[in-house]
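Below is one structure, written out as C-alpha cells; comments come after it.
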Amino acid sequence: SAVISQKPSRDICQRGTSLTIQCQVDSQVTMMFWYRQQPGQSLTLIATANQGSEATYESGFVIDKFPISRPNLTFSTLTVSNMSPEDSSIYLCSVRQNNEKLFFGSGTQLSVL
Amino acid sequence: KQEVTQIPAALSVPEGENLVLNCSFTDSAIYNLQWFRQDPGKGLTSLLLIQSSQREQTSGRLNASLDKSSGRSTLYIAASQPGDSATYLCAVRNNNAGNMLTFGGGTRLMVKP
C-alpha cells in the first residue's frame, strides 16, 4: 500500500489568508485526489490532481478558491485561498493504486478564525 | 445520483461482541465498494474493497459482504475490541462516475472494555 505524507497536520488561520497543504507519496501514482470533510460530515471530492495539466474540479469547487499543483507523480499541493470560517474542515489527500483501492493521507485539520 | 446511507449512525457495544455495520446505496451500477476506518481528527484507513463481481471479502476479524442487486453491503466485525472504536465509512464508486467516490455518513463505533 502507498504511504502518504501530508502536512501540515493541523493549522489555525486568520480569515482572508491562504494555506497550502502538501501531499507526498512514496511511489509514483497516476491518480491523486483532494477531499474535504466538513465538521460532522462525510467526505466530498474537491478535485482530481492531474500531473502536468490543470486539475479536474467537481461541482461546487473552483480553481480560484482551491488551486492545485501536481508537478510530478509523487507530489501535489492544495491551496485554500482567501479563507473564511466556512472553510474549517479536514482536508485529505488520497491516491488510487492499480485502479482499485483508495489510500488516504492523515489529513490536515484546518480551523479558520 | 448515487446516495449512500449508513445505519446506525452510532453504536456502542461491550468488548467481545460480534457486530454488523450496514451500508445501503441507491444506484446498483457500481464498480466497487470500499470500507474505511477513521479515527477522530485523522485520515482514512482502507479496510476492505469489494469488486462489483464479488460477494464478500475477509481480512482478519473483518468480513465485508456485497449484495449489489439490493444495494447493500455489511461490515461484520468479530470479537470486537476497544481498539476497534472509530468511525467506519463505506464508499461506492459508480461505473459512470469516473473517479468520484460517494461516501456514506459513517457509523461511529464505541467498544467498551
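Sequence order for the protein chains is A and B. Last residue of the first sequence: 113 (the working numbering), numbering continuous. Last residue of the second sequence: 1113 (the working numbering), numbering continuous. Built from N, CA and C at the ideal position, the CB exists for glycine as well. All figures in this text were calculated on a predicted structure; none of them were measured in a lab.
Practice task
Give the secondary structure of A/P67 by DSSP, where H, G and I count as helix, E and B as strand, and everything else as coil.
Solution key: coil
Practice task
For the region 1034-1048 of chain B, enumerate the residues whose C-beta is nearer than 7 angstroms to any C-beta of chain A, in chain order.
Solution key: Q1034, G1041, K1042, G1043, L1044 and S1046
Exercise for the section: Quick one: grab the DSSP three-state call for B/P1008. Expected result: coil
Problem - Of the residues B/T1045, B/S1024, B/R1055 and B/T1102, the one placed nearest B/K1001, counting alpha carbons only - result: B/T1102
Practice task
Evaluate B/Q1057 with the Cβ neighbour count: other Cβ atoms within 10 Å of its Cβ, from every protein chain shown; 16 or more gives buried, anything less gives exposed.
Solution key: Buried, because 16 or more other Cβ atoms sit within 10 Å of the Cβ of B/Q1057.
Exercise for the section: Please report the residue range of the beta strand (DSSP E) in which B/R1072 lies. Expected result: R1072 to I1077
Exercise for the section: Pick out whichever of B/W1035, B/M1100, B/L1109 and B/Q1034 has its Cα sitting closest to the Cα of B/T1087. Expected result: B/L1109
Practice task
Please name the residue, chosen from B/E1017, B/P1113, B/T1045 and B/L1089, that lies closest to B/A1078 on a Cα-to-Cα basis.
Solution key: Checking every option, the nearest Cα to that of B/A1078 belongs to B/E1017.
Handout entry: Interface partners of A/G107 on chain B, CB under 7 angstroms
Key = Within chain B, the residues K1042 and G1043 have their CB atoms less than 7 angstroms from the CB of A/G107, given in chain order.
Exercise for the section: Over the uninterrupted beta strand (DSSP E) stretch that includes B/D1067, give me the two end residues. Expected result: Segment L1062 to D1067, the beta strand (DSSP E) holding B/D1067.
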